[in-house]
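Right, one structure below, let's go through it.
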Amino acid sequence: TRYSGLAYPSVPVVYVVKHPAAFITSLYDYFIDKKRNIAAPTDWSAFLREPLVIFDSKPEESSQMRFANPMQYWNFIYWNLSTLPAGRVQSMGLRYESVLENPEGEIGRVADALGLRRKSASFSIPEGKLARMNDKQRFEPTKAVTAETFNAVLYRDNSFLNRYTA
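Numbered continuously in our numbering, the sequence shown closes out at residue 169.
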């Protein structure tokens, strides 16, 4: 609360909101592929309906956040981000799908809101999937993108919904 005595750092928060069904699909794929940071059922149907636990590295060494299901997880995350107190935290949300449709325009909107100016006229859009990098890895632009092709069509035509049944 404002009476806690804790001060937020003056670092702006920019967050990306993904369509809830796309978010859950990506979360499940990450869970099945990487087998870390999530405790949940491996069956798709059960994953959608049952509780999941999110943790940092090892459950016994980090805090654990428990959610009734992935939809509750999505809702809690974005509710908390979208209700950050404007007087204390400068924040801005972007729709993932809007960034895919108009990356330069959406990034320009963020830059304008934060008072940032371009260093060069070029704007490049990576064609590969982004690499998963941990905090200990130093960010190097050449290592940020993998050779695996990113499929933006999945989000443009909502085909991620094909995994869901009535």
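Glycine is no exception: its CB is placed at the ideal position from the N, C-alpha and C atoms.
{"query": "Cβ pair count under 8 Å reaching 3, the stretch 151 to 163 against the stretch 50 to 64", "result": "no"}
{"query": "Cβ separation of ALA147 and LEU157, assumed to be a contact under 8 Å, to the nearest whole Å", "result": "No, ALA147 and LEU157 are not in contact; Cβ-Cβ is about 21 Å, not under 8 Å."}
{"query": "Candidates TRP77, GLY90, ARG69, ARG39: closest to PRO15 by CA position", "result": "GLY90"}
{"query": "Classification of THR28 by the beta-carbon crowding that lies within 10 angstroms, buried from 16 upward", "result": "buried"}
{"query": "Beta-carbon proximity list for PRO106, same chain, < 6 Å, skipping 5 on both sides", "result": "ILE128"}
{"query": "Cβ of ASN83 within 8 Å of any chain B Cβ", "result": "Considering every chain present, this structure includes no chain B. It has just one protein chain."}
{"query": "Status (buried if at least 16 other CB within 10 Å, exposed otherwise) for LYS61", "result": "exposed"}
{"query": "Distance CB(VAL17)-CB(ARG98) smaller than 8 Å", "result": "no"}
{"query": "Bridge partner(s) assigned by DSSP for TYR18", "result": "GLY96"}
{"query": "Beta carbon of MET68 nearer than 8 Å to that of ILE57", "result": "yes"}
{"query": "Nearest candidate by alpha-carbon position, reference ASP160, set ALA24, GLU109, PRO12", "result": "ALA24"}
{"query": "6 Å CB neighbourhood of PHE26 in its chain, flanking five on each side removed", "result": "TRP77"}
{"query": "Assumed close pair HIS22, GLU100 - CB separation to whole angstroms, cut-off 8 Å", "result": "6 Å"}
{"query": "Reference TYR167; option with closest CA among LYS37, ILE41, MET95, TRP47", "result": "TRP47"}
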